[in-house]
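Chemist: Handing you a structure now.
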Amino acid sequence: MATTQSQMVADSYTERTGRAIELVGVTTFGDVSKAHLAQLGGTGVFVSALRDKLLEGEIDFAVHSLKDLPTKPDPRIALAALPARHDHRDALVGRVPFAELPDGARVGTGSPRRVAMLRALRPELEYVPIRGNADTRIGKVTGGELDAVVLASAGLTRIGRTAEIAQIFEVEQLMPAPGQGALAVECLAEREDLVDFLAVLDDPRTRSAVTAERVVLSALEAGCSAPVGAFALDDGQTLNLTALVVAIDGSAAVRKSAAGSPSEAVALGHALAAEMISEGADRLMGEHSH
Numbered sequence: 001m002a003t004t005q006s007q008m009v010a011d012s013y014t015e016r017t018g019r020a021i022e023l024v025g026v027t028t029f030g031d032v033s034k035a036h037l038a039q040l041g042g043t044g045v046f047v048s049a050l051r052d053k054l055l056e057g058e059i060d061f062a063v064h065s066l067k068d069l070p071t072k073p074d075p076r077i078a079l080a081a082l083p084a085r086h087d088h089r090d091a092l093v094g095r096v097p098f099a100e101l102p103d104g105a106r107v108g109t110g111s112p113r114r115v116a117m118l119r120a121l122r123p124e125l126e127y128v129p130i131r132g133n134a135d136t137r138i139g140k141v142t143g144g145e146l147d148a149v150v151l152a153s154a155g156l157t158r159i160g161r162t163a164e165i166a167q168i169f170e171v172e173q174l175m176p177a178p179g180q181g182a183l184a185v186e187c188l189a190e191r192e193d194l195v196d197f198l199a200v201l202d203d204p205r206t207r208s209a210v211t212a213e214r215v216v217l218s219a220l221e222a223g224c225s226a227p228v229g230a231f232a233l234d235d236g237q238t239l240n241l242t243a244l245v246v247a248i249d250g251s252a253a254v255r256k257s258a259a260g261s262p263s264e265a266v267a268l269g270h271a272l273a274a275e276m277i278s279e280g281a282d283r284l285m286g287e288h289s290h
């Protein structure tokens, strides 16, 4: 997945600038450890390894899944480009849609957010924590170990595995992780030449939307493993933002929406998070908040 995403970005830059981009593979502790991501400290383990390579000067820029990036900025590193977002939704890989899974069916996901929201929809199913890349997770379904797995639709599209999708969840059913479906391109903040070069792929509407989503996550003081979902859409005139916090057992939720100018994405995110906290969102997150 990471290689495919990086290649897509590299190809886009080459098309636009005529400059060749060389891919450098980086194996991280998160790739080789068998521990669950929540135990490792969440998806940040992948990000920090790539940032180390940037700071050491081994690579010029790094491509991440935006939803993996910590919300706290690192002043040494510039978020130089947020290319146009792909599908933001979650997908179910299995033989039948979610509603048709029999009671007690085993559904795999490594995300507490997905578990909480899926439990709210169908508490009678068994939710199994899983690790590994998308191919490994899909293999647990084809091998009969699980009845279904839930993965990001964009990731399945990027690796050409859409044929196995039994259902794509709409935002009303399963609120995506902040930044889901978007890629982030980082370089050293001091490399102004690179910041300018990489900016050609930046998509302003994607940037305003995901900025609002990530501000909600940050203002709630939630980590990437917390059961928080957010989705914003910038239509060029208005930024519409919806966020959802669910108790890990799916028993309670706080959901709020707001709209404003795309130029006020940060303020909109902060205001929505404050409203959610006033309604008890921070208590629902419990041990998953920082």
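In the UniProt record's numbering, the protein residues as written are 1 to 290.
Glycine residues also receive a C-beta, built at the ideal position from the N, C-alpha and C atoms.
1. Under 8 Å: do the region 79-87 and the region 180-198 share three or more Cβ pairs, one atom per stretch?
2. Are residue 137 and residue 149 closer than 7 Å when you measure CB to CB?
3. Let me check understanding here. Comparing Cα to Cα, which of 251, 19, 103 and 192 lies closest to residue 281?
4. Report the residue from 140, 124 and 195 whose alpha carbon sits nearest the alpha carbon of residue 131.
5. Check this for me: beta carbons of residue 188 and residue 79, under 7 Å apart or not?
6. Between which residues of its own chain and residue 278 is the CB-CB distance below 7 Å, once the five residues before and five after are set aside?
7. Would DSSP call residue 159 helix, strand or coil?
8. Tell me whether residue 208 is buried or exposed, calling it buried when 16 or more other Cβ atoms sit within 10 Å of its Cβ.
9. Counting pairs of Cβ atoms below 8 Å between the region 198-213 and the region 247-265, do you hit three or more?
10. Assuming residue 165 contacts residue 93 under a Cβ cut-off of 8 Å, what Cβ separation, rounded to an integer in Å, is found between them?
11. Closest by CA to residue 308, which one among 60, 221, 50 and 191?
12. Considering only the beta carbon of each residue, do residue 243 and residue 272 sit closer than 7 Å?
13. My assumption, with CB atoms under 8 Å, is that residue 232 sits in contact with residue 153. Please give the rounded CB distance.
14. Am I right that residue 5 and residue 65 are in contact with their C-beta atoms under 8 Å? What's the rounded C-beta distance?
15. What is the DSSP secondary structure of residue 71, counted as helix, strand or coil?
16. From residue 256 to residue 276, what distance separates their C-alpha atoms?
Modeler: Well, looking at it:
1. yes
2. yes
3. 251
4. 140
5. no
6. none
7. coil
8. buried
9. yes
10. 6 Å
11. Shown here, the chain extends from 1 to 290; a query on residue 308 therefore has no answer.
12. yes
13. Wrong, their Cβ atoms sit about 17 Å apart, outside the cutoff.
14. 7 Å
15. coil
16. 7 Å
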